[in-house]
Amino acid sequence: MFGDCVLIVAISICTALLGEGLTWVLVYRTEKYKKLKAEVEKQSKKLEKQKETGADVANKKKYERQEEKLKTNNRDLSFVKMKSMFAIGFAFTALLSMFNSIFDGRVVAKLPFTPISLLQNISHRNLGGEDYTDCSFIFLYILCTMSVRQNIQKLLGLAPSRSANKQGSGFFGAPAQMGK
Amino acid sequence: MAPRKEAQKATECGDSNMEIFSKALTAGSVWVEKDDFLDVIYWLRQILGVVLGLIWGIVAMKGFLGLALFFLINVAIVYLYYSTFQNVDEEEYGGSSEILKEGLMTSFSSFMVAWIILYSALHSEL
Chain A
1 MFGDCVLIVA ISICTALLGE GLTWVLVYRT EKYKKLKAEV EKQSKKLEKQ KETGADVANK
61 KKYERQEEKL KTNNRDLSFV KMKSMFAIGF AFTALLSMFN SIFDGRVVAK LPFTPISLLQ
121 NISHRNLGGE DYTDCSFIFL YILCTMSVRQ NIQKLLGLAP SRSANKQGSG FFGAPAQMGK
Chain B
181 MAPRKEAQKA TECGDSNMEI FSKALTAGSV WVEKDDFLDV IYWLRQILGV VLGLIWGIVA
241 MKGFLGLALF FLINVAIVYL YYSTFQNVDE EEYGGSSEIL KEGLMTSFSS FMVAWIILYS
301 ALHSEL
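Residue numbers (our numbering), protein chains in the order written: chain A, 1 to 180; chain B, 181 to 306.
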């Protein structure tokens, strides 16, 4: 059981590294991405500074124009990323179904709590019995990936900067929250 | 021109990792680069998450009490760290929720992984 857990952690580290590696090959190293990213970061920082100092009425038009530009750039950035996201999505679905069949019906860990019924679908997936503290492969894998992936991105400096995150919402995100 | 650009880049990026580390351990440091401070909070949270997870696993903490205690301790420590130890102005970072939120989910998942693995290794008969 302990061996299974360690294996799952190792698998999630490997897949996270693989994912980042693939994204690096497909996206991060391309000139277009680098240029766009630098641009977005610069603009986000600038906008944030302007917001702090309080853009007065005369500057408002200029401010809005910059905001618009940032949004366009952010959208372009998401499009560039999307290509690799699809490739990775396909690769990982295949990988996951493979691991799923390896760990099929196996209790990999014992949960120290009973998950709420909504989560039991995942935590008790493909497991027999009524003991809901049994943990399936997929639950532990998801948890591992959630922590490992972000930490690896952060360590390698690939995570998007905070100001860019805050200002631009990207393609899928919610609209940017400007001012409260 | 190239060296000048490099130098400019260095100042823009703020301090080196070692400097950030020593600043993080010194009370009341001045944080020029906001992101550096948030990074410190982020990594503090990660370490805290894993350490709490290991402790919970060893003492066989069970049920939702374990989850609630984790959030309570995690948020309390971060709050104490920034408000009393570092004494930063939370408004500069967009309110206290912005700091308290930083890296919380990642920390939570690291905590869960550590807790579950250790708990099942030490306290279950499977």
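Note that the Cβ used here is the ideal one computed from N, Cα and C, for glycine as well. If you're wondering where the values come from, they're calculated on a predicted model, not measured in any experiment.
Could you tell me which residues DSSP puts in a beta bridge with residue i?
i, result
"K110 of chain A", "A:D134"
By a C-beta neighbour count over all protein chains shown, 10 Å radius and 16 as the cutoff for buried, is residue i buried or exposed?
i, result
"C5 of chain A", "buried"
"G243 of chain B", "exposed"
"A10 of chain A", "exposed"
"S101 of chain A", "exposed"
"I138 of chain A", "buried"
"E282 of chain B", "buried"
"A204 of chain B", "buried"
"L224 of chain B", "buried"
"L228 of chain B", "buried"
"K185 of chain B", "Low per-residue confidence applies at K185 of chain B: pLDDT is 43, beneath 50, and the placement is therefore not dependable, though the value from the model is reported in the following sentence. Label assigned to K185 of chain B: exposed."
"S97 of chain A", "exposed"
"T206 of chain B", "exposed"
"F250 of chain B", "buried"
"T264 of chain B", "exposed"
"I221 of chain B", "buried"
"N325 of chain B", "Shown here, chain B extends from 181 to 306; a query on residue 325 of chain B therefore has no answer."
"S202 of chain B", "exposed"
"M292 of chain B", "buried"
"L118 of chain A", "exposed"
"E192 of chain B", "The predicted model places E192 of chain B with a pLDDT of 45, which falls under 50 and marks its position as unreliable, so this point remains unresolved."
"A256 of chain B", "exposed"
"T53 of chain A", "exposed"
"T93 of chain A", "exposed"
"S300 of chain B", "buried"
"N73 of chain A", "buried"
"V25 of chain A", "exposed"
"P86 of chain A", "According to the sequence displayed, residue 86 of chain A carries Phe and not Pro. Per the 10 Å Cβ criterion, exposed."
"A109 of chain A", "buried"
"S44 of chain A", "buried"
"I328 of chain B", "It is not possible to answer for residue 328 of chain B, since the shown part of chain B is limited to 181 through 306."
"I8 of chain A", "buried"
"L77 of chain A", "buried"
"L70 of chain A", "buried"
Just to confirm my understanding: we take residue i, look at its own chain, exclude 5 residues before and 5 after, and list those with CB closer than 8 angstroms. What are they?
i, result
"L302 of chain B", "G237, I238, A240"
"V27 of chain A", "Y33, V80, K81, K83, S84"
"G246 of chain B", "W236, W295"
"N59 of chain A", "Q50"
"N197 of chain B", "none"
"S290 of chain B", "Q226, G229, V230, G233"
"T30 of chain A", "V80"
"L156 of chain A", "E20"
"Q150 of chain A", "A159"
"P112 of chain A", "T133"
"L17 of chain A", "I152"
Given residue i, which residues of its chain have a CB within under 7 angstroms of its CB, disregarding the five upstream and five downstream residues?
i, result
"S12 of chain A", "Y141, C144, T145, V148"
"H124 of chain A", "Y132, D134, S136"
"L158 of chain A", "E20, Y28"
"F103 of chain A", "F137"
"L95 of chain A", "T15"
"V210 of chain B", "none"
"T114 of chain A", "Y132, T133"
"Q177 of chain A", "Confidence in Q177 of chain A is poor, its pLDDT being 37 and thus under 50, which makes the residue's placement unreliable; the coordinate value appears in the next sentence. Counting only Cβ-Cβ distances below 7 angstroms, and skipping sequence neighbours, we find nothing."
"K180 of chain A", "Note that K180 of chain A has pLDDT 31, beneath the 50 cutoff, so the model's placement of it is unreliable and the number below is only indicative. No residues qualify anywhere along the chain."
"F288 of chain B", "G229"
"Q120 of chain A", "Y132"
Starting from residue i, trace the alpha helix (DSSP H) both ways and give me its first and last residue.
i, result
"Y33 of chain A", "31-53"
"Y273 of chain B", "Element bounds for Y273 of chain B: n/a, residue is neither H nor E."
"T286 of chain B", "284-303"
"L228 of chain B", "214-238"
"I122 of chain A", "117-123"
"K203 of chain B", "197-205"
"A256 of chain B", "243-260"
"S12 of chain A", "2-23"
What residues in its chain sit with their C-beta under 6 angstroms from that of residue i, if we drop five residues either side in the sequence?
i, result
"S161 of chain A", "E41"
"G105 of chain A", "N126"
"Y262 of chain B", "V268, I279"
"L22 of chain A", "I88"
"F217 of chain B", "W211"
"G208 of chain B", "N267"
Problem - Near-chain A residues of the stretch 239-266 of chain B - C-beta to any C-beta below 9 angstroms - result: With the criterion set as a beta carbon lying under 9 angstroms from some beta carbon of chain A, the members of the stretch 239-266 of chain B are A240, M241, K242, G243, F244, L245, G246, L247, in sequence order.
Problem - Short-range partners of chain B found in the stretch 135-153 of chain A, where Cβ spacing is below 7 angstroms - result: C135, L140, L143, C144, M146, S147, Q150, N151
Practice task
Note down, in chain order, all residues in the stretch 64-92 of chain A with a beta-carbon under 8 angstroms from any beta-carbon belonging to chain B.
Solution key: Those would be none; no residue qualifies.
Exercise for the section: Using a Cβ-Cβ cut-off of less than 8 angstroms, give me the residues of the stretch 111-125 of chain A that come near chain B, in sequence order. Expected result: Correct list: L111, P112, F113, T114.
Problem - Residues of the stretch 198-226 of chain B with Cβ closer than 9 angstroms to any Cβ of chain A, in chain order - result: K214, D215, L218, D219, Y222, W223, Q226
Handout entry: Within 7 angstroms of chain A by C-beta, residues of the stretch 288-300 of chain B in sequence order
Key = S289, S290, M292, V293, W295, I296, I297, Y299, S300
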